[in-house]
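Read the structure below first, then the notes.
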Amino acid sequence: GKSKIIKSVIEYAKSGGLVLGICNGFQILTETGLLSGVLQQNKHLEFICKNVHVKINDTENKFFKNIKKKILELHIAHNEGNYFCSNDELKSIEDNNQIAVSYCNKEGTYNNESNPNGALKNIAGIFNKKKNVLGMMPHPERMIDPYLSGEDGSLFFNNLINNLK
Numbered sequence: 007g008k009s010k011i012i013k014s015v016i017e018y019a020k021s022g023g024l025v026l027g028i029c030n031g032f033q034i035l036t037e038t039g040l041l042s043g044v045l046q047q048n049k050h051l052e053f054i055c056k057n058v059h060v061k062i063n064d065t066e067n068k069f070f071k072n073i074k075k076k077i078l079e080l081h082i083a084h085n086e087g088n089y090f091c092s093n094d095e096l097k098s099i100e101d102n103n104q105i106a107v108s109y110c111n112k113e114g115t116y117n118n119e120s121n122p123n124g125a126l127k128n129i130a131g132i133f134n135k136k137k138n139v140l141g142m143m144p145h146p147e148r149m150i151d152p153y154l155s156g157e158d159g160s161l162f163f164n165n166l167i168n169n170l171k
């Protein structure tokens with residue numbers, strides 16, 4: 007059975023509340039059925055810990071509306087970040103513009119080199135149909151200091167906070 011907190015998260019999401027799941031949180035959102043697909047072991051079966059670039063694919067939502075940059079540098083640290091879904095699920099998430107962020111190079115090009123874990127279609131994060139639930143592998147909270155790591159995570163959170171006002 008599901009834990010009490012997860013039942014509350016599911017009810018909150020279904021009522022339209024914003025839910026953000028990062029890394030293992032993304033995995034939990036797929037396991038509860040709030041998001042489509044699964045997160046599998048990375049393509050080379052190794053833990054990956056490094057900075058990556060992701061392109062924001064959709065800004066018609068509270069998470070990314072008004073964000074100035076289209077390509078963010080964020081950090082990943084995971085063993086199971088390889089996003090996969092069925093062909094039917096992929097068609098549905100593409101048709102509904104639910105691919106939130108995709109792994110790319112710093113110029114915004116998608117290719118195998120910019121896909122760190124083998125994720126289907128370079129998918130780094132997806133929305134539910136209503137776009138109030140976002141799951142993503144990269145960690146914006148690890149990129150909030152320009153002197154230590156970078157500040158693109160701050161751009162994400164400041165933008166989100168402004169969209170909630």
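Each number in this note's numbering comes from the position in the sequence shown (counting from 1) with 6 added on. Every residue gets a Cβ at the ideal spot worked out from N, C-alpha and C, and that includes glycine.
In the structure shown, the three-state DSSP call for ASP158 is helix. Where GLN46 is concerned, the enclosing beta strand (DSSP E) starts and stops at 44-46. Between the stretch 82-102 and the stretch 124-138, the count of C-beta pairs closer than 8 Å reaches three or more; the two stretches touch.
By the beta-carbon neighbour count (other beta carbons within 10 angstroms, threshold 16), ASP151 is exposed. Beta bridge pairing from DSSP links HIS145 with HIS81.
Secondary structure in the stretch 47-130: the alpha helix (DSSP H) runs of 4 residues or longer, each lying completely within the stretch, are 93-101 in chain order. If you draw a straight line from the Cα of GLU157 to the Cα of PHE32, it comes to about 22 Å. Contact holds between the stretch 76-87 and the stretch 37-50, because three or more Cβ pairs, one in each stretch, are under 8 Å apart. Contact between HIS59 and CYS110 holds, with the beta-carbon distance rounding to 5 Å and staying under 8 Å.
In this structure, the CA atom of LEU24 is about 17 Å from the CA atom of VAL107. SER160 has its alpha-carbon roughly 29 Å from the corresponding atom of LYS49.
Under a 10 Å Cβ-count criterion, ASN138 is classified as buried, with 16 or more other Cβ atoms of the shown protein chains found around its own Cβ. In the three-state scheme derived from DSSP, where H, G and I count as helix and E and B as strand, ILE16 is classed as helix.
ILE34: not part of any beta strand (DSSP E); member of the alpha helix (DSSP H) spanning 30-37, first to last residue.
Between the alpha carbons of PHE163 and GLU17 lies a distance of about 24 Å.
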